[in-house]
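Down below is the structure, laid out as C-alpha cells.
2 protein chains.
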Amino acid sequence: MSELVRYQKHITEALAKLEFPAQPAELYDPIRYTLAMGGKRMRPVLVLLGCEMFGGTAESAIFPALGIEVFHNFTLLHDDIMDEAPLRRGLPTVHTKWNSNIAILSGDVMFVEACRLISKAPVSALSRVMDVYYKAAGDVCEGQQWDMNFEQQDTVLLPEYLNMIRLKTAVLLGAALQIGACCAGANEEDAHLLYDFGCHLGIAFQLQDDVLDVFGDPAVFGKQPGGDILSNKKTYLKLRALEKATPHQAETLRNWYSSREFVAAEKVEAVTQLFINLQVREDAEAEMNRHFQIAMSSLNAVNGQTKYTTILEQFAQELMVRVK
Amino acid sequence: MSELVRYQKHITEALAKLEFPAQPAELYDPIRYTLAMGGKRMRPVLVLLGCEMFGGTAESAIFPALGIEVFHNFTLLHDDIMDEAPLRRGLPTVHTKWNSNIAILSGDVMFVEACRLISKAPVSALSRVMDVYYKAAGDVCEGQQWDMNFEQQDTVLLPEYLNMIRLKTAVLLGAALQIGACCAGANEEDAHLLYDFGCHLGIAFQLQDDVLDVFGDPAVFGKQPGGDILSNKKTYLKLRALEKATPHQAETLRNWYSSREFVAAEKVEAVTQLFINLQVREDAEAEMNRHFQIAMSSLNAVNGQTKYTTILEQFAQELMVRVK
C-alpha cells in the first residue's frame, strides 16, 4: 500500500495548496472546510495512476486530479442537504454549520472550481477530458436522483439498484482513471478499458459495503452491524431478500421495515436471520465477484506500464479483501 | 430591432431542439420546464453577435450560446430556492412546483448541461472560452452571495452595491460577448473590449431598473411603481438616499423601512418623496450614464465588422431608451 500512500500524500499536499478568495467568506469558507475534512482521496489518486500508466507525468494530471476531488466533495455537500445529513466524517455538514442557502451556493462554486481545475488538463487532451468529466458529472446527478426516488418507491428491481450505484458511485472512479489516461494521450480503447475497470470495481465495492454493513465484524470495522437495516435502506440484500422470500417471509420482512416501535437489536437480528435463511449474502457476493472479475479482465486488457497496472491490481485486491 | 428578433428566433428554435433524457423525470422535466418559460434570450444573442462580428459563423457559436442561456437559467433556478421566490415569469418556480431537493439537483444537472454545450466551442477556441465562462460562473455566484449578505447587513456602501450588480448580472453579458468573440478567433484586446462593453452596459441596465422601479410609468412598464420600496430592497436609490440624508431624513427613511404596519401606497409615496428631495434619481442616472458611456467607448474601440457593432450599439440604445 506504500505506493498508494505516496500518491495520497501528494494529493493532500496539492489540495492544501489550493487557494480560494477570502471574500465573500460565506462562499469560500465552506469550501475550505469541506476540503479539509479529509477522506481517502481515492479518485484523484486514480487520475494520477491513469496518467502515469501511459507515460504521462503526475504533473500533467495534477490539476484534473484535484478537480475530480473537488467535484466529488461538491456532490457530497449537495447530497448532504438533500439527505438532511447532520454529519460528514464526524463533523457538522455545511448546511448544519452554516445554512442551506450557503450550502447550495458554496456547492455551486465548488463545482465551478472543479471545472476550472479539470480544464487545466494538457490542451491536447482538453476536449476528451471535458467530455469524460461532464458525462460522469451528469451520471452522478442521475444516480443521486434515482437514489432519492427509490426511497419513495415500494418496489425497486435489482437491475435498477445496480444501475443506481453504478451512476452514483462507480462511474466517477472509472472517469478518474479515464481522465488520467487521456491526460497522457492514451488511445480510446485503453482509456475505455480503464474506465470499465474503475466502474466495475466501484460496483463491487458498493456491494461489499452492503454486505459488510450487516455481516462485517465490528471489531474490524469499528461500527455496529445493521445500520442499513435500522434505516430501512434499500440495499442489495434487502431487495434480493424481498425477491426470494416466501409470502410469509416477505410479510415478516415488511413488518420489520414498516414497524415504528421496535428494539433495535431485535430488528437487526431478525432481519439478519432472514437474510441468512434466504442466502442473500451469497447472492450479493456472487454479484460482487462478477463485477470484480470484469474489472480485473478489463485491467488485464489495458496496454499500460506493468508497474502501474500492478499497483491498480493491488489497490483493487486490498479494497475487496475486507470481505473474504 | 428586427435584426435582434431574428437572432432571438434562431436561439429559441435551437433551444427547443435541445434534447434531454426522459428519465429520471424528476431531474430532466424541471429543465425542460425552465427552458420553456421563455425570456428575452439576450445572453445567447450576444454570443452569436460577438462571433459574427469577427467573421465567425453563428453555427460555430450556437452551442456555447445555448450553454450560456442554460447556465443563466440554472442560476435563476438556484437563486429562486435561496430567495424563496414562488413565481418566475408568472409561473411557479421549480422548488414550488416540485420541491427544493429536485430544484437543487436539476439545477446541478443544468449546470452540467451548460458546461457540455459551451465545451462544444470550436476546439481552437476551447481553452479561452472555458476560461472566460468559468470566471464568469464564479463571479455570478459571488454576486448572489453578496446580494444575500447585503440583506442581512445594516450598511452597504455604494461601491459594494455596484460591485454586487456587476458580478450578479453584468459580467455574464460581457462574458457572452467575449465567448462569441473567442469562437471567431478574435484577438485578446478586442475580446476584452467587448467584455467591457457588455459589463458596463449591464451595470447601466441594472441601475436603470432601480430607477424605473420607483419612477417608471406604470402605463408603459405594466407594473405599479415602488415594488423595491415595499420589499425594503437595498437599491442604488435607497443606499444613496441614506448616504445623503440629514439625520432627520435618515430617521424617517429608517422608520419606513423598519415599520411592520403601514399602508403600502403611503410608504411608497413617502419614500419616493424623500428620494425626490434628495435628488438620488439624478445620482443614479449620472452613475448609469457613466457606465453607459464607458460601454459605448469600449464598443467604439472594438475592431469588429461595422454591421455588427452597429447592431450592438442599437441594442444598447434601445435597452436604455426607456428611462430617458
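For the protein sequence lines, the chains are A and B, in the order given.
The numbering used here puts the first residue of the first sequence at 20, with every later residue one more than the last.
The numbering used here puts the first residue of the second sequence at 20, with every later residue one more than the last.
Don't be surprised by glycine CBs; every beta carbon is placed ideally from N, CA and C.
Run the CB neighbour count on residue i, radius 10 Å, all protein chains shown included, and call it buried at 16 or more, exposed below.
{"i": "Ser138 (chain A)", "result": "buried"}
{"i": "Phe311 (chain B)", "result": "buried"}
{"i": "Arg185 (chain A)", "result": "buried"}
{"i": "Pro83 (chain B)", "result": "buried"}
{"i": "Asp247 (chain B)", "result": "buried"}
{"i": "Gly109 (chain B)", "result": "exposed"}
{"i": "Asp232 (chain B)", "result": "buried"}
{"i": "Leu226 (chain B)", "result": "buried"}
{"i": "Ser317 (chain A)", "result": "buried"}
{"i": "Ala238 (chain A)", "result": "exposed"}
{"i": "Gly162 (chain A)", "result": "buried"}
{"i": "Gly57 (chain B)", "result": "exposed"}
{"i": "Asn206 (chain A)", "result": "exposed"}
{"i": "Ala320 (chain A)", "result": "exposed"}
{"i": "Phe294 (chain B)", "result": "buried"}
{"i": "Glu337 (chain B)", "result": "exposed"}
{"i": "Glu38 (chain A)", "result": "exposed"}
{"i": "Phe240 (chain A)", "result": "exposed"}
{"i": "Val342 (chain B)", "result": "Unreliable placement is indicated for Val342 (chain B), whose pLDDT of 47 sits below 50; no coordinate value is reported for it."}
{"i": "Thr329 (chain A)", "result": "exposed"}
What does residue i touch in chain A if you count any residue whose Cβ is under 7 Å from its own?
{"i": "Ala156 (chain B)", "result": "Val131"}
{"i": "Cys134 (chain B)", "result": "Cys134 and Tyr153"}
{"i": "Ile123 (chain B)", "result": "His97, Ile100, Met101 and Ile123"}
Quick one: grab the DSSP three-state call for residue i.
{"i": "Arg107 (chain A)", "result": "strand"}
{"i": "Phe224 (chain B)", "result": "helix"}
{"i": "Ala55 (chain A)", "result": "coil"}
{"i": "Met72 (chain B)", "result": "coil"}
{"i": "Ser278 (chain B)", "result": "coil"}
{"i": "Ala77 (chain A)", "result": "helix"}
{"i": "Gly193 (chain A)", "result": "helix"}
{"i": "Val89 (chain B)", "result": "helix"}
{"i": "Val321 (chain A)", "result": "coil"}
{"i": "Gln42 (chain B)", "result": "coil"}
{"i": "Ser119 (chain B)", "result": "helix"}
{"i": "Val233 (chain A)", "result": "helix"}
{"i": "Asp247 (chain B)", "result": "helix"}
{"i": "Asn168 (chain B)", "result": "helix"}
{"i": "Arg60 (chain B)", "result": "coil"}
{"i": "Pro141 (chain B)", "result": "coil"}
{"i": "Asp215 (chain B)", "result": "helix"}
{"i": "Ser182 (chain A)", "result": "As written in the sequence, residue 182 (chain A) is Asn, which differs from the Ser given in the question. Asn182 (chain A): helix per DSSP, three-state reduction."}
{"i": "Asn206 (chain B)", "result": "coil"}
{"i": "Gln298 (chain B)", "result": "coil"}
{"i": "Thr328 (chain B)", "result": "helix"}
{"i": "Lys242 (chain A)", "result": "coil"}
{"i": "Lys343 (chain B)", "result": "Note that Lys343 (chain B) has pLDDT 45, beneath the 50 cutoff, so the model's placement of it is unreliable and no number is given."}
{"i": "Met315 (chain B)", "result": "helix"}
Using the beta-carbon of each residue, which ones in chain B are nearer than 8 Å to residue i?
{"i": "Pro43 (chain A)", "result": "Glu161, Gln164, Trp165 and Asn168"}
Name the chain B residues that come within less than 9 Å of residue i, Cβ to Cβ?
{"i": "Asp48 (chain A)", "result": "The premise fails here: Asp48 (chain A) is roughly 11 Å from chain B at the closest Cβ pair, so nothing lies under 9 Å."}
List, in chain order, every chain A residue whose beta-carbon is nearer than 8 Å to that of residue i.
{"i": "Ser146 (chain B)", "result": "Ser138, Val142 and Leu145"}
Residues of chain B with CB under 7 Å from residue i, in chain order?
{"i": "Val128 (chain A)", "result": "Gly157 and Cys160"}
Spatial neighbours of residue i within its chain, please: C-beta separation below 7 Å, excluding the five flanking residues on both sides.
{"i": "Leu46 (chain A)", "result": "Leu124, Ser125 and Val128"}
{"i": "Met183 (chain A)", "result": "Gly162, Trp165, Asp166 and Phe169"}
{"i": "Arg107 (chain B)", "result": "Met56, Leu95 and Asp99"}
{"i": "Arg60 (chain B)", "result": "Gln27, Ile30, Thr31 and Glu88"}
{"i": "Thr112 (chain B)", "result": "Asp99, Ala104, Pro105 and Leu106"}
Near residue i, which residues of its chain fall below 6 Å by C-beta distance, leaving aside the five closest residues on each side in sequence?
{"i": "Ala44 (chain A)", "result": "none"}
{"i": "Ala155 (chain A)", "result": "Val190, Leu191 and Ala194"}
{"i": "Cys70 (chain B)", "result": "Ala80, Gly199, Cys202 and Ala203"}
{"i": "Val290 (chain A)", "result": "Ile248 and Trp275"}
{"i": "Val299 (chain A)", "result": "Leu256, Arg259 and Ala260"}
{"i": "His344 (chain A)", "result": "Examination of residue 344 (chain A) is not possible in this model, given that chain A is present from 20 through 343 alone."}
Looking only at its own chain, which residues have a Cβ that is under 8 Å from the Cβ of residue i, when we skip the five neighbours before and after it?
{"i": "Ala283 (chain B)", "result": "Gly245 and Leu249"}
{"i": "Leu297 (chain A)", "result": "Arg259, Ala260, Lys263, Ala264 and Gln268"}
Does any residue of chain D have a CB that is nearer than 9 Å to the CB of residue i?
{"i": "Pro40 (chain B)", "result": "Protein chains in the displayed structure are A and B, and chain D is not among them."}
| field | Near-chain A residues of the stretch 150 to 174 of chain B - C-beta to any C-beta below 7 Å | value | So the close ones are Tyr153, Ala156, Gly157, Cys160, Glu161, Gln163, Gln164, Trp165, Met167 and Asn168.
| query | Of all the residues that make up the stretch 95 to 119 of chain B, which are near chain A by a beta-carbon distance shorter than 7 Å? | reply | Of all residues in the stretch 95 to 119 of chain B, His97, Ile100 and Met101 have a Cβ within less than 7 Å of some Cβ in chain A.
| In chain order, what residues of the stretch 214 to 226 of chain B put their CB closer than 8 Å to some CB of chain A? | Under the 8 Å Cβ criterion, the stretch 214 to 226 of chain B contributes no residue.
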